[in-house]
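Colleague: Provided herewith is a single structure, encoded as structure tokens, for subsequent inquiry.
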Amino acid sequence: MENSSLFIILHRMRIPFLVIIITYTIAIVGLILIEGVDAQGNPYHMGIFDAFYFITYTATTIGFGETPFEFSYSQRIWVTFSIYLTVLGWFYGIGSLVSLLQDKLFLQEIEKAKFTRQIKGLKERFIIILGYNQITSEIITKALEQGVRTVVIEKDKNRINHLILESFTPTVPVLFSENYSLKALELGGIKKSNCKAIVSLFEDDALNLKISLIARLLNKKVKIAAKSTTTNHSENLKDLDVEIIANPFSIISSEVNIALVAPNLLKLEKWLYRIDNLSASLPSFPSGKYIICGYGRMGRKIYEKLKKNDIEVELVEINKNNINGYSKEEMEHINFGDADDKEMLLEVGIKKSVAIIAATNDDTTNLSVLATAKKLNPKIMTIVRENEMDDFSIFDNANIDHIFMPSKILINKTANALINPLSDKFIRLILKKDETWASKVVRRLVEDINDNPILIEFSINEKYTPQIYKHLDEENSLTLNLLATSLHNKEQRNNVVPLLLEREGNVTLLPVFEHNLKIGDKILLACDEHAKNDIEYICQNIYEFHYALTGEEKKMIFKGKK
Numbered sequence: 023m024e025n026s027s028l029f030i031i032l033h034r035m036r037i038p039f040l041v042i043i044i045t046y047t048i049a050i051v052g053l054i055l056i057e058g059v060d061a062q063g064n065p066y067h068m069g070i071f072d073a074f075y076f077i078t079y080t081a082t083t084i085g086f087g088e089t090p091f092e093f094s095y096s097q098r099i100w101v102t103f104s105i106y107l108t109v110l111g112w113f114y115g116i117g118s119l120v121s122l123l124q125d126k127l128f129l130q131e132i133e134k135a136k137f138t139r140q141i142k143g144l145k146e147r148f149i150i151i152l153g154y155n156q157i158t159s160e161i162i163t164k165a166l167e168q169g170v171r172t173v174v175i176e177k178d179k180n181r182i183n184h185l186i187l188e189s190f191t192p193t194v195p196v197l198f199s200e201n202y203s204l205k206a207l208e209l210g211g212i213k214k215s216n217c218k219a220i221v222s223l224f225e226d227d228a229l230n231l232k233i234s235l236i237a238r239l240l241n242k243k244v245k246i247a248a249k250s251t252t253t254n255h256s257e258n259l260k261d262l263d264v265e266i267i268a269n270p271f272s273i274i275s276s277e278v279n280i281a282l283v284a285p286n287l288l289k290l291e292k293w294l295y296r297i298d299n300l301s302a303s304l305p306s307f308p309s310g311k312y313i314i315c316g317y318g319r320m321g322r323k324i325y326e327k328l329k330k331n332d333i334e335v336e337l338v339e340i341n342k343n344n345i346n347g348y349s350k351e352e353m354e355h356i357n358f359g360d361a362d363d364k365e366m367l368l369e370v371g372i373k374k375s376v377a378i379i380a381a382t383n384d385d386t387t388n389l390s391v392l393a394t395a396k397k398l399n400p401k402i403m404t405i406v407r408e409n410e411m412d413d414f415s416i417f418d419n420a421n422i423d424h425i426f427m428p429s430k431i432l433i434n435k436t437a438n439a440l441i442n443p444l445s446d447k448f449i450r451l452i453l454k455k456d457e458t459w460a461s462k463v464v465r466r467l468v469e470d471i472n473d474n475p476i477l478i479e480f481s482i483n484e485k486y487t488p489q490i491y492k493h494l495d496e497e498n499s500l501t502l503n504l505l506a507t508s509l510h511n512k513e514q515r516n517n518v519v520p521l522l523l524e525r526e527g528n529v530t531l532l533p534v535f536e537h538n539l540k541i542g543d544k545i546l547l548a549c550d551e552h553a554k555n556d557i558e559y560i561c562q563n564i565y566e567f568h569y570a571l572t573g574e575e576k577k578m579i580f581k582g583k584k
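Residue numbering for the sequence shown follows my numbering, starting at 23 and increasing by one per position.
As structure tokens, this is what we get:
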């Protein structure tokens, strides 16, 4: 049934309605049949309307008096009986109604109807987020800051209450659903043209794969962001053309690799994710022997990168259950035991090691491992995996050299890919570059702008850049130089560095200012606040565009009355 809440009302209230109707009928029929007297003392039988009118206000205990004439004793006896009869009927009806208003299924259907109305009224672009937690809460905040609405589907009512208490502005519609089924995604608006993406970051890789499959079947154009922690599931997601595959452990291992071979690339990546600025100290990992404590998904990914760079590695793992899953090479380096045990660390060569990585899924264990390692080798570099994303971190005052938090990495990767797709593409492309290239880019950004440039990205189209679009549509030519023009003095240039230009699927890194613009181009720029304001005016204001193009103020013509 389309309106389930109405069906529940009719189903639950039909007996109370019947009870009220029957009690009214008995009371009314009795008044009609019992003989009374009129004002002149003549016999009188009450009409059906008068009987209905009298019972109506009597049954609700209002009581306006005897009408249309004074009652006989027979009528009064019947009215007394009718009062008790109809009041009992009303009590039963009201009790059933109160019970209905507390019914979980009914309240759920009311919330679902409200949610459906919110989705129908949603005209702005939006993304669907499955599950509400600390990670998705941060993604919601970042999306709303960029003007992207969000819709949440959650199966835990306590988490829904937490979301409501957050008081996001604008409001975040939330749907309670016991499973993330095809029907739930349809209710969430996945088929709407303004639904731009769906986010599935569950710990269960199989669930993420299932949701990605359903989403792709329902809307082939929607962008999918899914978490994957294994190579096999990542390949399956790629087969479904999932655009954003977030594997936090692959990202962490990639960052370790970059820190070893091209630390300036890591500096650029942290700036792009708004973690640090370009004047931060250069992240670097020393060469020498490494110890990895906790050989799970993260430990294995880091081990692969370290071996790729010919770095000596010793592994410590407490769990022997996965012994059959290790290769012969891994078994040569793995040691089973407690990683925070002094004897174990001494056995694997802690005093001759340059770095230790605590990569277990327990923060207390990780902290204990590093504390023990520091006592045995005070000069060792400490690297840790922080699992819990709390307001208070136990690692803040522990003097750890490098902290990797999978939760924050998921937030940065997913939010950036969804909200700033050109920035995400730029990150993926620069990871293929070397240290020399990265150091030149860092130097150029700092010298031409500052140590923390702003990123802006836009497309050349009629909606976002109407003046540029109109000029190009008239078959005129423009270059990137226009976007660096100062509106205070055309002879001066603003602090702008073009980072990326995408045209018909072809990407140009660090395009020159002489690069011609075309309709449909997607542009990523680094600049300061002043340059950002000028670029927005040039793209959208006819007078500012004319000045940037010609160096002359556009004349305003007013037509007066003759």
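All C-beta atoms in this analysis are idealised placements derived from N, C-alpha and C, irrespective of residue type, glycine included.
Just so it is clear, the structure is predicted and the values come from calculations on it, not from any experiment.
May I ask you to report which of helix, strand or coil DSSP gives PHE74?
Modeller: helix
Colleague: Quick one: what's got a C-beta closer than 8 angstroms to MET411's C-beta in the same chain, skipping five residues either side?
Modeller: GLN156, ILE157, MET427, SER429 and LYS430
Colleague: Going by alpha carbons, who is nearest to VAL244 out of GLY211, TYR66, ASP178 and GLU574?
Modeller: GLY211
Colleague: For the putative contact between MET403 and PRO308, defined by C-beta atoms under 8 angstroms, what is the C-beta separation to the nearest angstrom?
Modeller: About 6 angstroms; that satisfies the 8 angstroms criterion.
Colleague: Cβ of LEU539 within 8 angstroms of Cβ of ILE490?
Modeller: yes
Colleague: Looking at the unbroken alpha helix (DSSP H) that takes in ILE162, where does it start and where does it end?
Modeller: DSSP places ILE162 in the uninterrupted alpha helix (DSSP H) bounded by 156-167.
Colleague: To the nearest angstrom, report how far apart ALA165 and SER199 are at their CA atoms.
Modeller: 23 angstroms
Colleague: Compare the Cα-Cα distances from ALA460 to each of ALA281, LEU223 and CYS549 and report the closest residue.
Modeller: Ranking the options by Cα distance to ALA460, first place goes to ALA281.
Colleague: Buried or exposed for ASP473, please, with buried defined as at least 16 other CB atoms from any protein chain shown within 10 angstroms of its CB.
Modeller: exposed
Colleague: May I ask which residues mark the beginning and end of the alpha helix (DSSP H) holding HIS255?
Modeller: 253-261
Colleague: Name the residue from GLU146, SER276, LEU185 and GLU277 whose alpha carbon lies nearest to the alpha carbon of SER215.
Modeller: GLU146
Colleague: Since ILE4 and CYS315 should fall inside the 8 angstroms C-beta cutoff, what is the C-beta to C-beta distance between them, to a whole number of angstroms?
Modeller: Outside the shown range of the chain (23 to 584) lies residue 4, about which nothing can therefore be said.
Colleague: Does DSSP put PRO270 in a helix, a strand or coil?
Modeller: helix
Colleague: Nearest-angstrom Cα distance between CYS561 and ASN399?
Modeller: 58 angstroms
Colleague: Tell me where the alpha helix (DSSP H) around ARG296 begins and ends.
Modeller: Premise fails: ARG296 is in no alpha helix (DSSP H) and is neither H nor E.
Colleague: Cα separation between TYR317 and ALA380?
Modeller: 9 angstroms
Colleague: ASN269: which of ASP418, HIS255 and LEU262 sits nearest, CA to CA?
Modeller: Of the listed residues, the one whose Cα sits closest to ASN269 is HIS255.
Colleague: Please state if the CB of ILE77 and the CB of SER94 are separated by a distance shorter than 8 angstroms.
Modeller: In terms of Cβ geometry, SER94 and ILE77 do not form a close pair [threshold 8 angstroms].
Colleague: Buried or exposed: which applies to VAL120, given that a residue is buried once 16 or more other Cβ atoms fall within 10 Å of its Cβ?
Modeller: exposed
Colleague: Assuming ARG171 is part of the beta strand (DSSP E), what are its boundary residues?
Modeller: It spans 171-176 - the beta strand (DSSP E) in which ARG171 sits, taken as one unbroken run.
Colleague: Helix, strand or coil for GLU351? Go by DSSP, reduced to three states.
Modeller: helix
Colleague: For the alpha helix (DSSP H) containing SER508, name the first residue and the last one.
Modeller: Premise fails: SER508 is in no alpha helix (DSSP H) and is neither H nor E.
Colleague: Short check: CB of ALA237 to CB of ILE267, under 8 angstroms?
Modeller: no
Colleague: If you draw a straight line from the alpha carbon of LYS330 to that of ASN434, how long is it in whole angstroms?
Modeller: 26 angstroms
Colleague: Going residue by residue through the stretch 81-127, where are the continuous alpha helix (DSSP H) segments of at least 4 residues, counting only ones entirely within it?
Modeller: 95-123
Colleague: Between which two residues does the alpha helix (DSSP H) harbouring GLY52 extend?
Modeller: 26-55
Colleague: At which residue ranges does the stretch 376-461 contain complete beta strand (DSSP E) runs of 3 or more residues, listed in the order of the chain?
Modeller: 377-380, 403-407 and 424-426
Colleague: Considering only DSSP beta bridges, list what SER222 is partnered with.
Modeller: LEU152 and ALA248
Colleague: Here's the rule: buried if 16 or more other CB atoms are within 10 angstroms of the residue's CB, otherwise exposed. What is ASN258?
Modeller: buried
Colleague: Looking at C-beta atoms only, is the number of pairs between the stretch 515-534 and the stretch 445-455 that lie closer than 8 angstroms three or more?
Modeller: yes
Colleague: Which whole-angstrom value is the C-beta distance of ILE132 and SER27, which I expect to be below 8 angstroms?
Modeller: 5 angstroms
Colleague: Report buried or exposed for HIS493, applying the criterion of at least 16 other Cβ atoms within 10 angstroms of its Cβ.
Modeller: buried
Colleague: Does DSSP put VAL278 in a helix, in a strand, or in coil?
Modeller: helix
Colleague: Determine the DSSP secondary structure at LYS583, reduced to helix, strand or coil.
Modeller: Since pLDDT at LYS583 reaches only 45, below the 50 mark, its modelled position is unreliable, and no value is offered.
Colleague: Taking 6 angstroms as the limit between beta carbons, can you name the residues of its chain near GLU484, skipping five residues before and five after?
Modeller: TYR491
Colleague: For the pair the stretch 547-554 and the stretch 516-524, tell me if three or more CB-CB distances fall below 8 angstroms.
Modeller: yes
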